[in-house]
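To start, the structure itself, in structure tokens.
Residue numbers (our numbering), protein chains in the order written: chain W, 1 to 314; chain H, 1 to 254.
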């Protein structure tokens, strides 16, 4: 038994969800190997070598891996698989992992399993379906098991005291050359990342405009919180989609989640119901969000939020 | 451009319906429950129809795999402006076990048969939430993939795709033929008008079986059980902001 974890990184740093995927891989038992493919990824290899649970690192450096295009990474993973015969291949269930692993799986004629939240045994996994309204336990009878891992469902592997014994360079297959990465435009953000923040403040349609989200930013700054939004707020054009918390957006599980002006649609709840403490501020006492909130405040958010920001100043 | 676009559409439980798990934990209750087209598939249909209206392509062919009811979903797409349909008939136990890998094999076979320039699919279905079919169809065809697309533009024989990624957007340029999967912001799907619904009734829907396409639909995934998630208990209502802050401090959250 042996597992390949496809590492996600930006050539400088390892993306945190890779650490959650490493924990999931460790749970399977057997050796854990990480594949780092990039243009210049020595720093990432250095970071990975300190991560607990990683035994081996494979490094593939080539210009064609710029932008982590699935058309380029797939032949590399297939070649690696041919050489090492892993029993499992996994990655984080991020835009990167979701884009790449199904492509690899289809090439191997294997049905992949997306976004697992629990490992029952090396061939049995649990995943959420219907936006988290049902949990499905499935047995995978494929010879190679390929899956992506929901980050919030597995602890991050420790980044110190690692045990990787080797970092070997891999020969890169010839570039496919059918796609080209042009640019990346990340939303500038001085706040913590939504999926890893300890506190998240989210706004919904109740905010009434994009400008009014400033109220949430002011509150978030006092708490070192990330700011999210419901799909309704995104659809209304108040904020960009990368702020969306929900089944079709980001899944978060912070220690504290503050839902402001969010009614609590099923698909939003699916994205945040694993938060440790949920606070809801909404003027409608019947809003479904109150059914999952630990602390509910029925109030006009335009009064309550500034009052809260002010109170935290003290 | 004069190409053909193949669009996959899936019939799913309507997004507004509250899901219930069957008492025997085998699956969710689907009988007597309102179904409609998967919302991401609607976006895919809209994008293809828009491309035809801009004369970038010549024909939109819509495909759905499933029992007889899949025809309704195809009709909806035809009413939105697709030209013709292909119903890939899969019923009974085969339909229960039909997963993204099998559908990808069907889509890939049809893309070749129809000589498609593009296959456009929704990024995921809101029932199984797999987010795999587009990527796997691209793999089986050895075509590039533009997944989670929020903007498409044709540039000669290539397509520029703006993609939704974690933390922002990314732009890639891919060769055609290609597979595209639609994300939320790609467009707002139109409602079918009554005259168009009437017109759609006259449009052709071909019936094929997976075997006609040489596709084996055996699945090696087995659903062992389906459970309700643990329900969160409602907490307490507080009266004031001060009370709220005091309780959060007490719980050590701030």
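Beta carbons are placed, not taken as given, at the ideal position from N, Cα and C, and that holds for glycine. All values derive from a computational prediction rather than experimental measurement.
Spatial neighbours of residue i in its chain, beta-carbon cut-off 7 Å, leaving aside the 5 residues before and after
i: residue 139 (chain W); result: 123, 124
i: residue 105 (chain H); result: 140, 215
i: residue 131 (chain H); result: 123, 124
i: residue 4 (chain H); result: 57, 58, 59, 61, 114, 115, 116, 117
i: residue 304 (chain W); result: 281, 297
i: residue 20 (chain H); result: 28, 29
i: residue 147 (chain H); result: 123, 134, 135, 163, 181
i: residue 217 (chain W); result: 227
i: residue 39 (chain H); result: 15, 126
i: residue 197 (chain W); result: 225, 226, 254
i: residue 95 (chain W); result: none
i: residue 129 (chain W); result: 136
i: residue 238 (chain H); result: 244, 247
Residue i burial status per 10 Å Cβ neighbour count (16 or more: buried)
i: residue 127 (chain H); result: buried
i: residue 33 (chain H); result: exposed
i: residue 93 (chain H); result: exposed
i: residue 286 (chain W); result: exposed
i: residue 310 (chain W); result: exposed
i: residue 188 (chain W); result: exposed
i: residue 129 (chain H); result: buried
i: residue 98 (chain H); result: buried
i: residue 270 (chain H); result: Outside the displayed range of chain H (1 to 254) lies residue 270 (chain H), so it cannot be described from this structure.
i: residue 143 (chain W); result: exposed
i: residue 29 (chain H); result: exposed
i: residue 191 (chain H); result: exposed
i: residue 185 (chain W); result: exposed
i: residue 137 (chain H); result: buried
i: residue 246 (chain W); result: buried
i: residue 99 (chain W); result: buried
i: residue 145 (chain W); result: buried
i: residue 145 (chain H); result: buried
i: residue 224 (chain W); result: exposed
i: residue 202 (chain H); result: exposed
i: residue 277 (chain W); result: buried
i: residue 236 (chain H); result: exposed
i: residue 114 (chain W); result: buried
Where the beta strand (DSSP E) containing residue i begins and where it ends
i: residue 56 (chain W); result: 56 to 61
i: residue 38 (chain W); result: 31 to 38
i: residue 227 (chain W); result: 226 to 229
i: residue 225 (chain H); result: 221 to 227
Bounding residues of the alpha helix (DSSP H) (the contiguous stretch that carries residue i)
i: residue 268 (chain W); result: 266 to 272
i: residue 77 (chain W); result: 70 to 84
i: residue 104 (chain H); result: 100 to 113
i: residue 308 (chain W); result: 301 to 313
i: residue 26 (chain W); result: 17 to 27
i: residue 37 (chain H); result: Residue 37 (chain H) -> not in any alpha helix (DSSP H); beta strand (DSSP E) instead, spanning 35 to 37.
i: residue 245 (chain H); result: 241 to 250
i: residue 237 (chain H); result: It is not in any alpha helix (DSSP H) - residue 237 (chain H) instead sits in the beta strand (DSSP E) that spans 236 to 238.
i: residue 219 (chain W); result: 214 to 223
i: residue 97 (chain W); result: 95 to 107
i: residue 202 (chain W); result: Run containing residue 202 (chain W): none in the alpha helix (DSSP H); it sits in the beta strand (DSSP E), 199 to 203.
i: residue 2 (chain W); result: First-last for residue 2 (chain W): 2 to 6, but that is the beta strand (DSSP E), not the alpha helix (DSSP H).
Beta-carbon gap between residue i and residue j smaller than 7 Å
i: residue 197 (chain H); j: residue 79 (chain H); result: yes
i: residue 273 (chain W); j: residue 194 (chain W); result: no
i: residue 156 (chain W); j: residue 11 (chain W); result: no
i: residue 176 (chain W); j: residue 8 (chain W); result: no
i: residue 164 (chain W); j: residue 54 (chain W); result: yes
i: residue 230 (chain W); j: residue 253 (chain W); result: no
i: residue 149 (chain W); j: residue 93 (chain W); result: yes
i: residue 37 (chain H); j: residue 73 (chain H); result: yes
i: residue 47 (chain W); j: residue 14 (chain W); result: yes
i: residue 48 (chain H); j: residue 120 (chain H); result: yes
i: residue 42 (chain H); j: residue 189 (chain H); result: yes
i: residue 259 (chain W); j: residue 289 (chain W); result: yes
i: residue 308 (chain W); j: residue 241 (chain H); result: yes
Cβ neighbours of residue i in the same chain (closer than 6 Å, five flanking residues each side left out)
i: residue 185 (chain H); result: 150
i: residue 204 (chain H); result: 84
i: residue 88 (chain H); result: 65, 106, 208
i: residue 225 (chain H); result: 25
i: residue 360 (chain W); result: It is not possible to answer for residue 360 (chain W), since the shown part of chain W is limited to 1 through 314.
i: residue 2 (chain H); result: 58
i: residue 60 (chain W); result: 37, 76, 170, 172
Spatial neighbours of residue i in its chain, beta-carbon cut-off 8 Å, leaving aside the 5 residues before and after
i: residue 155 (chain H); result: 173
i: residue 137 (chain W); result: 120, 124, 125, 126
i: residue 31 (chain W); result: 1, 2, 3, 55, 56
| request: Identify every run of the beta strand (DSSP E) within the region 42 to 97 of chain H, keeping only runs that are complete inside it and at least 3 residues long; order them along the chain. | output: 57 to 66, 84 to 89
| message | Just to confirm the assignment: which complete beta strand (DSSP E) runs, minimum length 3, are found wholly within the region 108 to 189 of chain H? | response | 118 to 122, 145 to 155, 158 to 165, 168 to 175, 178 to 182
| request: Please list the segments of the alpha helix (DSSP H) lying wholly inside the region 119 to 181 of chain W, counting only runs of 4 or more residues, in order along the chain. | output: none
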